[in-house]
Structures are given as C-alpha cells and as structure tokens.
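Heads up: the structure comes next, in structure tokens.
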Amino acid sequence: MRSSQISFASNYKVTRMRVGEAIDLIKVVSSPIGFLVFILATVIAIADNASALVTQEQGSNVLQQTPAGNLSRFAQQESKPLKPPLRLISQDQKSAFDGNRSFDYLRDICKIGPRPSASKGMVKQMKYIQAHFESIGGQFLRQEFIAKSPYTGKNVKLHNLLIRWHPERTRRILICCHHDTRPFADADKRNPRAKFIGANDGGSGVALLCELGHHMESLDGVFGVDFIFFDGEEFVIQRPRDQMFLGSIFFAEQYSKGIPEWRYECAVLVDMVADKDLQIPLEGNSLHFARGLTEEIWDVAREIGVKEFVPEEFKFIRDDHLPLNEIAKIPTCDIIDFNFPNPTAGNIYWHTREDKLENCSAESLGKVGAVVLAWLQKKQEAEK
Ligand SMILES: [Zn+2]
1016 MRSSQISFAS NYKVTRMRVG EAIDLIKVVS SPIGFLVFIL ATVIAIADNA
1066 SALVTQEQGS NVLQQTPAGN LSRFAQQESK PLKPPLRLIS QDQKSAFDGN
1116 RSFDYLRDIC KIGPRPSASK GMVKQMKYIQ AHFESIGGQF LRQEFIAKSP
1166 YTGKNVKLHN LLIRWHPERT RRILICCHHD TRPFADADKR NPRAKFIGAN
1216 DGGSGVALLC ELGHHMESLD GVFGVDFIFF DGEEFVIQRP RDQMFLGSIF
1266 FAEQYSKGIP EWRYECAVLV DMVADKDLQI PLEGNSLHFA RGLTEEIWDV
1316 AREIGVKEFV PEEFKFIRDD HLPLNEIAKI PTCDIIDFNF PNPTAGNIYW
1366 HTREDKLENC SAESLGKVGA VVLAWLQKKQ EAEK
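Just so you know, the numbering used here puts 1334 at position 319 of the sequence shown, and the rest follows in order with no gaps.
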C-alpha cells in the first residue's frame, strides 16, 4: 500500500472528528500509557483503512474512467505510478517464449490469493496486469459493465481488460483468457466452500499472456494483436441460477453493435494451459465454429514439435469462445486442457483445492505459449 493512500485514509478520519474529540485525544496522548495506546490504535486504524481502501479506491477510479451512460465504451485507464513486476527480457530471450518467466508471473498471481470477480484479490490482479503491460509498451484499456453479485443479488461493476499492440494496424487478432477465479472450490468433495486459488483455471491464461506480451512489439506484419482478459467467466455460486461468461457475452454484444470500432479476423482463447501433465485435444466447438483456424494452430504445434497438442477431437466445451463465435461472429478457437490432472484420472482437480501452483508447470506454459507465438508469427508471414 503506497503512503499517499494511507495519508488519504488518515485525512478522511480526521475530517470526521469533532473538535471536542480532538481535545480529548490530545489529553490522552500526553500521558505515557495513553501515548502507547494512541500509537497502537493509529497502527490498527491505518491497517484497517488500508484494507478498506482497496474497494473505495476502485470505486472512485471506475466512476472517473467510465462516465454514466457510456458504460459500453472502452476507457483508457489513467496511468498511475505502479511498480511493475521486474522481469526484464534479455537479448537471447527475444524470440523464444519463456515458460519459466511465464511461471514466475503465475507464482505472483497465485500469491495474491483468490481473485473472484469484484473482490479485493481481483483489484490487486488488475493493478498487476496494468503495471505489467504498460511497462512493456502495451496500451491498457478497461471495459466496465454491471452484473448481479451471486452473493448479494446487488449490482457490482466488472471489468474486461484490453491490451493493444500496434493499435494503428487495422487488421487485428484477439488473444483471450479470463482473469476471474471461481468464488469457491465448489467441486472439492471435502470442503466445497474452501478458498480457490485457480492457478490453472484463471491464473494460467493471465500468466501466459503476461509472457506473450514481451513478444508483441517486435511482431512485424499486417496484423495488430489485442489481448483481452474477460471478467465474470465464472462469477457463479449456484447453477443454473448464476450465468457464466458474463464478460465475453458483454464484449461480444458490444462488438456486434460496433464497439469498439476496430474488427478482429479471428481469436484464440487460452484456458487451463498450465497443467503439469499437458494434453490438449481439438475442442468440439472450436472445430464447429472455426475449423480452419483450429487446424492451423494444431498444424503449427506439429511443425514445432509440441506433441501435447493432440490432433484428436475431444468433447464440446462451453467457454468464453462461445459468445465470440456465436454473438460477435469472430472465429474463435479454445486451447484448453480439460483433463486436470490427466485423461486417466479425469478432470478431478478442476474447481478443487488441487488447482494450485504445485500442479502446474513452466514447461506446459512454455509449450502452449510457443505454439500461440509461432502461430501469430506464421499468420504475419503468410500475409507478407
Ligand atoms: Zn472454471
């Protein structure tokens, strides 16, 4: 927490104090025991305010960024002096997707803790994402929308985050993931209300894009690339009452109305891509809606020797690629390993406490990232 935030919180308290209370306070502080009590109370008050401030500050930013009546537009986030994560790129790393560095991002993200929609964890992660991408030359935009909280039934603000590379290029490709995590580990047999870290389901997509960003400025060619981080993919406590894919649905609906004004030729979604035992078969809906694109990606995987992209059709998975395909009409492929930990055991780690860093690997992130990057490079080459 930065000192300016703490002083804001303290000032806020002082302005609410009446004169009489202030005089009483001086009396208490002037005695030795009173002074100790005062120091202790001040420390507690600052800590308390600092944690409450996350929400308060988020609220004020949001209102400032997105005027009422203009909720559907992307707003450019004002840059704040946030400390970016220190992961510099060396000369020999410039061409290769670095799985280890991607895993370092994943570790940072997991350290934040659970990151469900409209939570303090998510606010922290949004700041992390903004600081990271601005430090490596991406343009950061935020799309705000309103959704009903499954906890309270009240309206809350959710955010899709967009990072743009080479915004002047008119032909564009979209790379997507979701940045929210499930509210609880609700598939956990022993404790379905346990904390859910979502290292693989949620974290892996964010970590992969954090690394992929290092390779975007130097990506020459006709295509500009945008990254989108969808909110509300699984802001779900009770199914079927609570709807999934809130962020991608909102984005797709706005897109179909002409917002933003730029268009995408295709999109790739990454989800659950850090599983230690990586195996990614062709996903049914991707083949149904975007067969050409999906086969292109699996061909690239074969060409660069990533055999974990298994060229066999798997089941149909419902994910953020559906609104993009069905509503926005952007051909979208989902790269997802939906057997966590592996096909023999089944998808038994999904939405449980086992979705943690220890069950993910740098190698897997490295392999998926290498395929996505090689595919982007090939797309650019094909148009030269
Ligand atoms: Zn999930």
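Where is the CB? At the ideal position from N, CA and C, for every residue including glycine.
Starting from the C-beta of F1304, find all residues in its chain whose C-beta is less than 6 angstroms away, skip the five residues before and the five after it, and write them out in chain order. Setting aside the 5 residues that flank it on each side, F1304 is surrounded in the same chain by N1340, each with a C-beta closer than 6 angstroms to its C-beta; the list follows chain order.
Going by the C-beta, is G1414 closer than 8 angstroms to any heavy atom of ligand 1? This structure does not reach residue 1414, given that the chain is present from 1016 up to 1399, and the question cannot be answered.
Is the beta carbon of D1286 less than 9 angstroms from the beta carbon of I1351? Yes; because the gap between Cβ atoms is below 9 angstroms, this pair is in contact.
Within its chain, find whatever has a CB closer than 7 angstroms to the CB of K1322; leave out the 5 residues flanking it on each side and keep chain order. The beta carbon of K1322 lies closer than 7 angstroms to none in the same chain, with the five residues before and after it left out.
Please write down, chain order preserved, every residue whose beta carbon lies under 6 angstroms from a heavy atom of ligand 1. Listed along the chain, these residues meet the criterion: R1197, D1216, E1249, H1366.
Return the CA-CA distance between G1354 and Q1294, expressed in angstroms with no decimal places. Going by the sequence as given, residue 1354 is Asn instead of Gly. Rounded to whole angstroms, N1354 and Q1294 show a C-alpha spacing of 8 angstroms.
Span of the beta strand (DSSP E), counted from its first residue to its last, around L1177: Start and end: 1170 to 1180.
Buried or exposed: where does Y1166 fall if 16 or more other Cβ atoms within 10 Å of its Cβ makes it buried? Exposure of Y1166 is indicated by the presence of fewer than 16 other C-beta atoms within 10 angstroms of its C-beta.
6 angstroms Cβ shell around I1252 - same chain, five flanking residues per side excluded: Contacts found: P1165, P1198.
Counting pairs of Cβ atoms below 8 angstroms between the segment 1273 to 1284 and the segment 1181 to 1191, do you hit three or more? The answer is yes - the segment 1181 to 1191 touches the segment 1273 to 1284, with three or more Cβ pairs under 8 angstroms.
Opposing strand residues paired with Y1120 [DSSP bridges]: Y1120 pairs with nothing; no bridge assigned.
Starting from the Cα of F1112, find the closest Cα among N1300, D1203, N1175, C1225 and give me that residue. Comparing Cα positions, the closest option is C1225.
Throw me the rounded Cβ distance for the I1178 and G1217 pair, which I believe falls under 8 angstroms. Taking a contact as a CB-CB distance under 8 angstroms, the pair I1178 and G1217 does not count as one, their CB atoms being some 17 angstroms apart.
Just to check my reading of the structure: V1386 and I1319 have Cβ atoms closer than 8 angstroms, yes? What is that Cβ distance to the nearest angstrom? Contact between V1386 and I1319 is confirmed by a C-beta separation of about 7 angstroms, below the 8 angstroms threshold.
Whether or not the segment 1196 to 1212 and the segment 1142 to 1153 are in contact is what I'm after, with contact meaning three or more pairs of Cβ atoms, one per stretch, closer than 8 angstroms; do they touch? Taking a contact to require three or more Cβ pairs closer than 8 angstroms, the segment 1142 to 1153 and the segment 1196 to 1212 do not qualify as touching.
Buried or exposed: where does I1161 fall if 16 or more other Cβ atoms within 10 Å of its Cβ makes it buried? So I1161 ends up on the exposed side.
When you compare only the Cα positions, how much space is there between H1230 and L1388? Looking at the two C-alpha atoms, the distance is approximately 8 angstroms.
Any chance you could list the alpha helix (DSSP H) runs of at least 4 consecutive residues sitting entirely within the segment 1350 to 1391, in chain order? Listed in chain order, nothing qualifies, since the segment 1350 to 1391 has no complete alpha helix (DSSP H) run of 4 or more residues.
For the beta strand (DSSP E) containing H1193, list its first residue and its last residue. Judged by DSSP secondary structure, H1193 falls within the beta strand (DSSP E) whose first and last residues are 1186 to 1193.
Who are A1162's beta bridge partners in DSSP? Per DSSP, the beta-bridge partners of A1162 are V1171.
Bridge partners for F1089 per DSSP, in chain order? DSSP, once it has assigned bridges, lists Q1158 as partnering F1089.
On the criterion of 16 or more Cβ atoms from any shown chain inside 10 Å, does R1256 qualify as buried, or is it exposed? So R1256 counts as exposed.
R1333, enclosing beta strand (DSSP E) - first and last residue: Premise fails: R1333 is in no beta strand (DSSP E) and is neither H nor E.
L1234 - DSSP class collapsed to helix/strand/coil: In the three-state DSSP reduction, L1234 falls in the coil class, being neither helix nor strand.
If we ignore side chains and look at the alpha-carbon of each, how far apart do K1330 and T1185 end up? Taken atom to atom, the span from the alpha-carbon of K1330 to that of T1185 is near 35 angstroms.
Helix, strand or coil: how does DSSP classify K1394 here? Reduced to three states, the DSSP call for K1394 is helix.
What would DSSP say about G1084, mapped onto helix, strand or coil? With a pLDDT of only 31 at G1084, under 50, the local geometry of the prediction cannot be trusted, and no value is derived from it.
In chain order, each beta strand (DSSP E) run of at least 3 residues that lies wholly inside the segment 1198 to 1285: Listed in chain order, the complete beta strand (DSSP E) runs (minimum 3 residues) inside the segment 1198 to 1285 are 1238 to 1245.
Can you look up H1303 in the DSSP assignment and give me helix, strand or coil? In the three-state DSSP reduction, H1303 falls in the helix class (H, G or I).
Mapping DSSP to helix, strand and coil, what is E1149? Residue state, collapsed to three classes: helix.
Secondary structure at V1321, three-state DSSP: helix, strand or coil? DSSP places V1321 in the coil class of the three-state scheme, outside both helix and strand.
Near ligand 3: L1388 beta-carbon under 8 angstroms from a heavy atom: Ligands present in the displayed structure are limited to ligand 1, and ligand 3 is not among them.
Helix, strand or coil: how does DSSP classify K1399 here? DSSP places K1399 in coil when its eight states are reduced to three.
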